[in-house]
Amino acid sequence: TKLIGVIGDDAWADLIRWHDDTLRSVIAEHGGEEIRHQGDGLVVSFDDPGRALDCAIAIQQRLADHRRAHGFAPAVRVGVHEAQATRRGLDYAGAGIHEAARVGALAGEGEILVTRATLDASRRSVATGEARTASLKGIVEPVEVVPVVWR
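Numbering (this note's numbering), first residue to last: 11 to 161.
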């Protein structure tokens, strides 16, 4: 909201269009499928947790490269979680979808946060920060989440 006030509605619309196009390009490069546009974020599905993690890292790196070259790019939060879900038309439903959204909401600006189970299932060797246990709204069991060091 503060940025919109500074740059104006037209520039904001251009920025959001660039942001969405950039993320969609990286998602497509990694075999992801955009499920829905939700607020200022995207819900994406992958058939493999490793590809999802690779995509998350590539998104943050692409935005960082743009930031270095042009002085600005929006900071995004990325949550990665593998879960069972039921396909309903063009969307997915199920508790895992809510859990994934909660993991993303826990991430800070410019951060990738992945659940421990998903990190293990990804079979990727990536640098990580300190794991922590998080209580997710509406989820009974606490979940171990791990920040991915992508810089």
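Using N, Cα and C, we set each Cβ at its ideal position, and we do this for glycine too.
For residue i, three-class secondary structure by DSSP
i	result
P157	strand
E109	helix
R134	coil
E39	helix
R87	coil
I149	coil
R62	A small fix is needed here, since residue 62 is Ala in this sequence, not Arg. Three-state result, A62: helix.
Q71	helix
Close Cβ partners of residue i (< 7 Å) along its chain, the five nearest in sequence each way excluded
i	result
R72	T32 and V36
Own chain partners of residue i with C-beta closer than 6 Å, once the 5 adjacent residues on each side are dropped
i	result
H40	R61, D64 and C65
H76	A83
V136	V158
Own chain residues within Cβ distance below 8 Å of residue i, not counting five before or after
i	result
E119	A85, V86 and R87
G139	V156, P157, V158 and V159
T96	Y102, A103 and G104
V54	I37, G42, E43, E44, I45, A62 and C65
P152	T143, A144, S145 and L146
Q94	G104 and G106
Exposed unless 16 or more other CB atoms sit within 10 angstroms - verdict on residue i
i	result
V150	exposed
R27	exposed
T143	exposed
V16	exposed
R112	buried
E154	exposed
G114	buried
Q48	exposed
I67	buried
L100	exposed
Beta-carbon proximity check, residue i vs residue j, cutoff 7 Å
i	j	result
E92	P59	yes
A131	G89	no
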